[in-house]
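Engineer:
Numbering (the numbering used here), first residue to last: 38 to 146.
#1: Nearest by alpha-carbon distance to residue 80: which of 87, 99, 71 and 72 is it?
#2: Shorter than 7 Å, the distance from the beta carbon of residue 71 to the closest heavy atom of the ligand SAH, or not?
#3: Quick check on DSSP: helix, strand or coil for residue 80?
#4: Using C-beta distances below 6 Å, list every residue in its chain close to residue 146, excluding the 5 sequence neighbours before and after it, in chain order.
#5: Identify the residues that DSSP records as bridge partners of residue 97: which are they?
#6: With DSSP as the reference, please indicate the residues paired to residue 71 in a beta bridge.
#7: Return the bridge partner residues of residue 62 from the DSSP annotation.
#8: For residue 70, is the classification buried or exposed, using 16 other Cβ atoms within 10 angstroms of its Cβ as the cut-off for buried?
Here it is, written out as structure tokens:
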């Protein structure tokens, strides 16, 4: 078998003309100011085009957080009172109780 000799040289060293920069999408609607996030709101956006062939990488924020305007905050609300419990004693003085709660989608300040 003859020995194969190889030689290499650079080629296509010009910059790629099809470089594309990163692009981000539109912001989603704000969510929050109630439930688990009663005092702040969040919005997100995604990357719609990643950088290719040496294009500029994404540096834009993909998530924003902001405080809630007072008008946007869900007002405090309570459930209805429960019925009174039965008195535990027939004489000598006892205490009856009733309760109400804050629904999980509300927040009181």
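Here a beta-carbon is modelled for each residue, glycine too, at the ideal position from N, C-alpha and C.
Structural biologist: From the atom records:
#1: 99
#2: Of ligands this structure carries none, so the ligand SAH is not represented either.
#3: strand
#4: Caution applies to residue 146, whose pLDDT of 49 falls short of 50 and renders its modelled position unreliable; the model cannot decide the point.
#5: DSSP output for residue 97 lists no bridge partner at all.
#6: 74
#7: Bridge partners of residue 62: none, in fact.
#8: By the Cβ neighbour-count rule, residue 70 is buried, with 16 or more other Cβ atoms within 10 Å of its own.
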